[in-house]
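Enquirer:
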Amino acid sequence: MEGSLERRRDDLTIVAQVNVNLMKINLAGLTNPAQISIQLVSQTPNADSPGSTEPSKSAEVTLVNPPPANGTASQADEYDNQFPVVVPSFLLKFTQLADDFQVGAIIVRNNNKERFYLDSVKLNIHDVPKDSNDWDWVFECDSQVHPTVDPEKDFRVYFHRKAVFAHETLWKLMDHELHRIRGDLRGAVKHLEDDATQLADDLIYEFDKYNDLGYDFVLGGSPFPYPRRFRCTSLFEQSDSTTGHGNTVLQTFIHALLDKVTDWCFHGTPVEDPKKTFGSILEIAGMDNRFETTIKCLEAHKVLDVFLDVFHQSILSKNPFIVFLEKFINVFKELLQAINLPQPRSVLTLTPGVGGTWYDVLMNDEEFGRQALAGMNPAVITRLQTFPPSDTGKKITGLQHAVEVYLKSKQSTLEQAIEENKLYIIDYHDAFKAHVGEINQISGRKTYAGRAVFFYKKHPGKLIPIAIELSLPKDSGDQHCTLHRVFTPPVVTPQEVQPISNGKGGSSDPADEPVLDFWWELAKIHFISLDFSYHELVSHWLYSHAAMEPIIIATKRTLLSSVHPIGNLLEPTFRNTLNINSDARQILINKIGIIPDNFTAGEYSMKISSGAYQTWRFDMQSVTKDLLARGMAIRKKKDPKNQNEEEDVELVIEDYPFAQDALKMWTLIKHWVTGYVNIFYKSSADVLNDPQNHGALQHWWTEVRTRGHPDIKEGWPELDCVEKLIEILSTIYWIAGPHHAAVNFGQYDYAGYVIQRSSMTRQLIPELNVKMTQDAWRSYVLDTIATPKQTLQVMAILKVLSTHSEEEQYLGEDEWTFNAHGKKKGLIQENGEDVEDKDVVEHRKKKHEDLLEKWWEDIFGHKHAGTVKAANPEKDLQKVFKIFSDGVNALEKEIEAENKAARSLPWSNRISYSKLAYTLLLPKSKAGMTCMGVPYSTSI
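For the record, in the sequence shown the residue sitting at position 216 is 237 according to my numbering, with numbers rising by one throughout.
Structure (structure tokens):
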């Protein structure tokens with residue numbers, strides 16, 4: 022037994038399974054596998070060079086042709102007898118390794134003239150494991166490997182993903198990979214004299230302005246400040262620095278295809294004349310399954326599948342247009358699937374075959390106020406503390422007068438109501454005022470700048486709209502919209518207006534309907550349409566997608582997530598964001614995209630988004646700072662015993678479901694990040710200098726501020742202590758995950774019913790002296806909201822955006838923490854040839870722990886003094902993450918219990934008029950459109 026502990030240095034053998042993906046890149050990249058080599062790099066120093074920081078390395082081992090086990094002989098023959106068409110695996114063996122060889126990285130060199138796609142590399146001691154999940158080291162590469170021109174520069178390095186500081190033996194390789202990511206090595210690649218390098222820059226993380234949207238202006242810099250985007254290779258028409266032509270070929274193709282299919286779906290169906298019967302209102306607004314689109318969608322699928330069959334062959338060529346077009350066709354198939362639209366759950370359920378009344382169909386006042394606290398845009402409402410509510414002009418006498426009249430009926434005054442926290446406002450006047458005149462010049466689009474004031478009834482906790490101000494410019498030079506109209510709800514008794522159905526069905530006879538004030542209803546339609554536009558352009562796109570993109574780029578350029586603890590912590594918050602943002606620029610927000618085409622603001626949409634960005638501050642994005650800034654929470658009196666400042670706030674409106682759930686989730690995130698950071702950073706000196714990569718954290722934060730968000734000069738905390746690092750990271754977690762979930766995954770259910778939340782308004786509100794019959798008013802409403810064609814396009818995209826994928830990763834799930842299988846790897850464990858030799862196993866484990874402790878001392882200058890056993894930081898992480906995961910599960914049960922209890926109350930803002938509970942911050946979800954679930958990232 023003792024003899025087995027004194028092994029020779031050439032006694033350790035490691036086998037590798039190298040998996041490449043031929044479907045993600047052209048087949049020619051593997052014309053000669055023997056020209057592709059893998060080399061293992063140990064975290065332990067080279068024993069042949071005492072005192073050196075050079076790592077121990079294996080010999081380079083080249084790939085060999087795999088047997089066509091994953092494909093057929095005919096497939097192999099079709100592709101020149103190269104390889105199976107499916108993902109092939111290459112088995113390699115590395116021998117004569119030191120007994121203490123701890124794999125920390127692999128080096129991949131490609132001496133072919135074509136790039137290839139490396140899926141993963143799995144390593145094990147001695148033998149291939151019987152269980153496919155039981156590998157010792159798993160490298161999820163998921164990237165391309167470009168040809169080698171300069172052997173000193175042109176190689177890829179992949180690191181074993183561990184949430185610990187890498188030893189200094191790997192620092193040179195880390196620097197190499199960071200240089201590659203930043204594009205410092207791209208000059209060498211461009212010397213290749215073939216078009217294999219056409220997509221070489223797809224591996225480079227660089228910032229760029231929004232010059233690819235097809236507008237005649239650029240977002241980013243003056244006069245339209247904006248976050249920076251990921252610079253990716255343009256496959257079509259190039260943009261320059263002063264104009265925004267964008268990829269107009271692709272964008273026009275997408276627009277035309279979507280337009281044609283939408284027309285096709287409506288051709289010959291009863292919805293061509295939507296105003297004939299009241300029943301058709303529900304067809305148009307609810308988009309129920311009476312649309313005759315299912316068969317046509319199936320036919321469209323068949324046509325697209327034919328295209329995909331052709332592209333499947335072409336994708337093996339080097340044509341980037343075909344590669345991108347195949348991606349779009351798959352996205353478009355999802356849109357076609359979305360045309361089979363269920364009834365949104367915000368709609369009052371009526372008995373089949375029995376129509377409801379207009380009171381059932383339109384957004385009633387109580388639901389209007391409730392959705393301000395628990396809808397899809399719940400973080401814009403503000404406590405009204407001064408009048409006028411903005412500093413853009415003189416006192417707003419019309420709005421103030423309307424509010425004072427209402428308060429007088431409640432035996433109150435403006436001053437008293439403000440003092441008692443009873444007045445609230447949603448204010449979009451300043452966001453839209455500069456562009457209203459221009460928008461209204463566009464045929465088929467009419468809008469206002471608007472604000473709505475609400476009164477809070479503490480018992481039973483209702484928020485009631487009491488006045489809506491809609492403003493137009495006096496003339497073309499008026500960018501302040503000083504021509505105001507103020508609308509107030511009709512004064513009625515409860516007996517005058519009763520919901521007909523309440524889920525039981527009702528009469529469709531107009532004689533049975535209550536008389537509604539259509540001026541007030543149209544004012545709500547216009548204001549809610551403004552809210553819908555602001556939600557998409559600002560609350561959703563800008564504050565989540567666009568704000569996160571430069572943070573991702575900066576992190577990729579400065580912190581290697583696989584070997585830097587902070588990069589590893591943030592990595593889950595990045596999943597799929599760059600991809601979905603790129604898709605959004607091609608399909609949603611470009612000049613002829615779905616949003617400009619189907620939302621009232623049209624081509625001025627992104628200018629409105631840019632205007633909102635001017636007041637954006639990173640330090641106000643956390644839950645508590647946001648609630649305090651909007652006056653929706655106040656500081657509690659400081660409890661000397663409570664050192665957690667984040668818990669020292671109380672909500673002004675207690676029944677504010679979004680804020681209730683958000684504060685609890687913020688606390689969980691803050692505790693998780695605190696526990697994580699405290700394992701690695703003990704002092705301000707650690708944060709300032711960073712034990713790894715010589716100040717990498719400072720470089721990261723500088724890039725976020727000065728290159729990712731260079732147009733915003735205020736609101737950036739100084740990264741000079743552990744507490745501020747925790748606050749910054751927690752805020753990023755909040756933006757990427759919970760904030761996005763709160764404004765995204767309820768879009769279909771809250772905005773899928775066009776008559777209650779229309780993306781488009783097409784005519785202004787008539788003057789008060791206009792006389793119309795009830796039937797004429799109904800027609801006027803239908804002519805004001807979005808057309809059926811516009812509605813279909815918006816609903817289809819809302820369904821796609823509201824849907825979770827099968828691969829979604831939710832808060833509290835730990836797949837990312839240790840490896841893709843949720844099992845801690847990286848230690849030499851009991852799965853070698855001599856697993857029965859327990860003394861050898863214990864010897865290796867002890868040796869590994871001693872190494873970790875030594876490295877910790879080398880990095881920090883002191884022994885690890887964490888809150889748990891100090892020998893292995895990953896064990897600390899497991900315990901900290903377990904607390905976080907358990908907390909998320911407990912929060913889920915708490916929200917479910919609160920929603921259940923709310924259903925038995927006479928009124929609760931947690932339950933909608935249609936009995937839809939507020940679940941948008943319920944942490945977990947199954948795949949599909951569920952109106953719940955909080956992923957780590959802005960993934961869709």
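Where a beta carbon is used, it is the ideal one built from N, C-alpha and C, also for glycine.
#1: Please list the terminal residues of the continuous alpha helix (DSSP H) segment that includes residue 472.
#2: Taking residue 688 as part of the alpha helix (DSSP H), name the residues at either end of that continuous run.
#3: Give every residue of the same chain whose Cβ lies closer than 7 Å to the Cβ of residue 745, excluding the five residues on either side of it in the sequence, and list them in chain order.
#4: Quick one: Cα of residue 490 to Cα of residue 226, how far?
#5: Quick one, which of 762, 897, 674 and 832 has its alpha-carbon nearest residue 482's?
#6: Only counting the same chain, and skipping five residues up and downstream in sequence, which positions put a Cβ closer than 8 Å to that of residue 625?
#7: Closer than 8 Å to a non-hydrogen atom of the ligand ATP - does that hold for the CB of residue 655?
#8: Would you kindly work out how many angstroms separate the C-alpha atoms of residue 584 and residue 635, rounded to a whole number?
#9: Is the beta carbon of residue 3 less than 9 Å from the beta carbon of residue 679?
#10: Within the continuous alpha helix (DSSP H) that includes residue 553, where are the two ends?
#11: Below 9 Å between beta carbons: does that hold for residue 463 and residue 393?
#12: Is the CB-CB distance between residue 36 and residue 129 below 9 Å?
#13: What's the gap between the Cα of residue 199 and the Cα of residue 205?
#14: Grouping DSSP H, G and I as helix and E and B as strand, with all else coil, what is residue 924?
#15: Whole angstroms is fine: what's the gap from residue 57's alpha carbon to residue 629's?
#16: What residue range does the alpha helix (DSSP H) around residue 936 cover?
#17: Once you ignore the five residues that flank residue 751 on each side, which residues in its own chain have a CB closer than 6 Å to its CB?
#18: Excluding the five sequence neighbours on either side, which residues of its own chain have a C-beta within less than 8 Å of the C-beta of residue 499, listed in chain order?
#19: Report yes if the CB atom of residue 567 is closer than 9 Å to the CB atom of residue 956, and no otherwise.
#20: Which class does residue 133 belong to by DSSP, given the choice of helix, strand or coil?
#21: Going by beta carbon distance, what residues of the same chain come within less than 6 Å of residue 132, once the five residues before and after it are set aside?
#22: If you run the structure through DSSP and keep just helix, strand and coil, what is residue 637?
#23: Got a sec, what are the start and stop residues for the alpha helix (DSSP H) residue 566 sits in?
#24: Quick one: what does DSSP say residue 68 is sitting in, helix, strand or coil?
#25: Between residue 383 and residue 408, which are expected to be in contact by the criterion C-beta below 8 Å, what is the C-beta distance as a whole number of angstroms?
#26: Rounded to a whole number of angstroms, what is the C-alpha to C-alpha distance between residue 747 and residue 433?
#27: Is there contact here, the stretch 903-910 with the stretch 777-797, by at least three beta-carbon pairs under 8 Å?
#28: Please state the DSSP three-state secondary structure of residue 198.
#29: Report the three-state DSSP secondary structure of residue 116 (helix, strand or coil).
#30: Check whether the Cβ atoms of residue 565 and residue 764 lie closer than 9 Å to each other.
#31: Under 8 Å by Cβ, that's how I've got residue 39 and residue 113 pegged, so tell me the actual separation to the nearest angstrom.
#32: Should residue 924 be labelled buried (16 or more other beta-carbon atoms within 10 Å of its own) or exposed?
#33: Which residues in the same chain as residue 654 place their Cβ atom closer than 6 Å to its Cβ, once the five residues preceding and following it in sequence are excluded?
#34: Cα separation between residue 604 and residue 821?
#35: At the level of alpha carbons, what is the spacing between residue 586 and residue 478?
#36: Kindly indicate the opening and closing residues of the beta strand (DSSP E) around residue 606.
Expert: Here's the rundown:
#1: From DSSP, residue 472 is part of no alpha helix (DSSP H) but of the beta strand (DSSP E) over 470-478.
#2: 678-701
#3: 738 and 739
#4: 46 Å
#5: With respect to the C-alpha of residue 482, the residue from 762, 897, 674 and 832 having the closest C-alpha is 674.
#6: 456, 459 and 460
#7: Absence of the ligand ATP from the depicted structure is noted, as is the absence of any ligand whatsoever, leaving it without description.
#8: Residue 584 and residue 635 have their C-alpha atoms roughly 36 Å apart.
#9: With the chain running from 22 to 961 in the structure shown, residue 3 is simply not present.
#10: 539-555
#11: no
#12: no
#13: 9 Å
#14: Coil.
#15: Between the C-alpha atoms of residue 57 and residue 629 there is a straight-line separation of about 51 Å.
#16: Premise fails: residue 936 is in no alpha helix (DSSP H) and is neither H nor E.
#17: 690, 691 and 694
#18: 458
#19: no
#20: coil
#21: If we look at residue 132 and ignore the five residues flanking it on each side, its Cβ neighbours are 56 and 169.
#22: coil
#23: Element bounds for residue 566: n/a, residue is neither H nor E.
#24: coil
#25: No, residue 383 and residue 408 are not in contact; Cβ-Cβ is about 29 Å, not under 8 Å.
#26: 45 Å
#27: no
#28: helix
#29: strand
#30: yes
#31: 6 Å
#32: exposed
#33: 648, 670 and 672
#34: 12 Å
#35: 49 Å
#36: Premise fails: residue 606 lies in the alpha helix (DSSP H), 598-608, not in any beta strand (DSSP E).
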